[in-house]
Amino acid sequence: MIDCHCHILPGIDDGAHTLEVALDMARAASASGIENLVCTPHHLNGVYSNSADAIRQASGDLQERLLEAGIPLRLYPGAELHLVPELPSQLLDGTALTYNDLGKAALVELPKTTVPIGAETILEQLLYRGVTPVIAHPERNQTLARRPEQLAEWIGWGCKAQLTAQSCSGDFGERMQRLCRRWLESGWVHLIASDAHRPAGRSPDTLAAGRASVAEWLGEDAATLLTRDNPRRLLIGEDLVSLAPRAAPPAKAQTRRRWLGFLRPRP
Ligand SMILES: [Fe+2]
């Protein structure tokens, strides 16, 4: 498996606090079948600011420590980027990091409750500049959970969706799990990832349980697509493959009116 969302870099965000914790997370990842992992510390979320240079350096340093410790896990640089107005310019000038530093796709996050005014414009600006936005855990955003048609519309534009493994496996409740299954069956989901912050609990090995849920619902091929093949495409800059829809999308998903769209400035 390839974990494409993990807060393993020590001491730079709310993930691993120390090198020892990072090594424990790496051991947990490796023992659970993860061979490759993208380091995705927060950037621009109002609390943490981690530039591309800082993340490249920290990923390289941790990779050396893993080699010394004999942990067979390959790391790649990335970031979890808050959708703020300065994001497009930071991606353009190289301050903000894309997946594996390729400039092709970027992991972006929303606040927990809202879709801020202007967020859609930022998504459009990224798409216009050839950077594919991968929406981090949309199932955990209360607005998108209530109005999934908004997510469906973004996917129609070319955005991709990454669910948190624990949302799929039921660790965050049955309601969340049902929502994930519905979105997976609608063909809206391109990736699942651990979004791990700790060696236990919110840990990298939760990816295996999330994968098992996807395999149970959609079969082994779909589970492999979401946890290995599509993450690999991220790492080499290829377009992600979508799941074939197996069920009708949630109600209203195709009926959202964009009657304010004409107000939005074009990128
Ligand atoms: Fe995260």
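Going by our numbering, the sequence shown opens with residue 2, and the numbers climb by one from there. Where a beta carbon is used, it is the ideal one built from N, C-alpha and C, also for glycine. Source: prediction; values computed, not measured.
Self-check item: Leu-219 to Gln-126 span [Cα, whole Å]
Solution: The residue you call residue 219 lines up with position 218 of the sequence shown. The residue you call residue 126 lines up with position 125 of the sequence shown. Spanning the two alpha carbons is a distance of roughly 33 Å.
Quiz item: Are there 16 or more other CB atoms within 10 angstroms of the CB of Thr-19, so buried, or fewer, so exposed?
Solution: As a first step, residue 19 must be located in the sequence shown, where it is residue number 18. By the 10 Å Cβ count, Thr-19 comes out exposed.
Quiz prompt | Span separating the alpha-carbon of Asp-15 from that of Leu-128 | solution = In the sequence shown, the residue the question calls residue 15 occupies position 14. In the sequence shown, the residue the question calls residue 128 occupies position 127. Going from the Cα of Asp-15 to the Cα of Leu-128 covers about 29 Å.
Self-check item: Rounded separation between Glu-1 and Ala-17 - CA only
Solution: Residue 1 lies beyond the range of the chain shown here (2 to 268); nothing can be said about it.
Quiz item: What number of angstroms, rounded off, separates the C-alpha of Glu-81 from the C-alpha of Ala-107?
Solution: For the purposes of this step, residue 81 is taken as residue 80 along the sequence shown, with counting starting at 1. For the purposes of this step, residue 107 is taken as residue 106 along the sequence shown, with counting starting at 1. For Glu-81 and Ala-107, the distance between alpha carbons rounds to 8 Å.
Quiz item: DSSP three-state call for Ala-248: helix, strand or coil?
Solution: Looking up residue 248 in the sequence shown gives position 247. The answer is coil: DSSP assigns Ala-248 none of H, G, I, E or B.
Quiz prompt | For Asn-101, the three-state DSSP class (helix, strand or coil) | solution = Residue 101 sits at position 100 when you count from the first residue of the sequence shown. Reduced to three states, the DSSP call for Asn-101 is helix.
Quiz item: What are the start and end residues of the alpha helix (DSSP H) that includes Arg-75?
Solution: In the sequence shown, counting from the first residue as 1, residue 75 sits at position 74. Element bounds for Arg-75: not the alpha helix (DSSP H) but the beta strand (DSSP E), 75-78.
Exercise. Give every residue whose Cβ lies closer than 5 Å to any heavy atom of ligand 1, listed in chain order.
Key: Glu-81 and Asp-196
Quiz item: In terms of alpha-carbon separation, which member of Ile-56, Asp-54 and Arg-75 lies closest to Gln-64?
Solution: To locate residue 64, count along the sequence shown from 1; it is residue 63. Selected option, being the one with the closest Cα: Arg-75.
Practice problem: Identify the continuous beta strand (DSSP E) that holds Val-109 and give its terminal residues. | Solution: One-based indexing of the sequence shown puts residue 109 at position 108. Here the beta strand (DSSP E) through Val-109 covers 106-110.
Exercise. Tell me Leu-38's beta-bridge partners as DSSP assigns them.
Key: Taking the sequence shown and counting its residues from 1, one reaches residue 38 at position 37. Answer by DSSP bridge pairing, in chain order: Asp-4 and Leu-76.
Quiz prompt | Local Cβ density within 10 Å of Val-48, reported as buried at 16 or more and exposed below that | solution = Here residue 48 refers to the residue found at position 47 of the sequence shown. Burial call: exposed.
Practice problem: Quick one: which unbroken beta strand (DSSP E) runs of 3-plus residues sit fully inside the segment 132-165? Chain order, please. | Solution: 133-137 and 161-165
Quiz item: Does Leu-219 have its Cβ less than 8 Å from a Cβ in chain B?
Solution: The structure shown has no chain B; it contains just one protein chain.
Quiz item: Do you know how far the Cα of Pro-246 is from the Cα of Pro-42?
Solution: Here residue 42 corresponds to residue number 41 of the sequence shown, with the count starting at 1. Here residue 246 corresponds to residue number 245 of the sequence shown, with the count starting at 1. Here the alpha carbon of Pro-42 sits roughly 32 Å from the alpha carbon of Pro-246.
Quiz prompt | Whole-angstrom C-beta distance between Ser-187 and Met-177, which should lie under 8 Å | solution = As a position in the sequence shown, residue 177 is number 176, starting the count at 1. As a position in the sequence shown, residue 187 is number 186, starting the count at 1. Going by Cβ atoms, the distance from Met-177 to Ser-187 rounds to 16 Å, so no, they are not a contact pair.
Quiz item: If you draw a straight line from the C-alpha of Pro-266 to the C-alpha of Thr-122, how long is it?
Solution: The residue labelled residue 266 in the question sits at position 265 within the sequence shown. The residue labelled residue 122 in the question sits at position 121 within the sequence shown. Note on Pro-266: pLDDT 46, under 50, position unreliable in the model; the coordinate value appears next. The alpha-carbon atoms of Pro-266 and Thr-122 are separated by roughly 8 Å.
Quiz item: Hey, Gln-274 and Ile-118: beta-carbon distance below 8 Å or not?
Solution: What the structure shows of the chain is the stretch from 2 to 268, and residue 274 is not part of that stretch, so it cannot be assessed.
Self-check item: Three-state secondary structure (DSSP) of Ile-193
Solution: Here residue 193 corresponds to residue number 192 of the sequence shown, with the count starting at 1. Assigned with DSSP and collapsed to three states, Ile-193 falls in strand.
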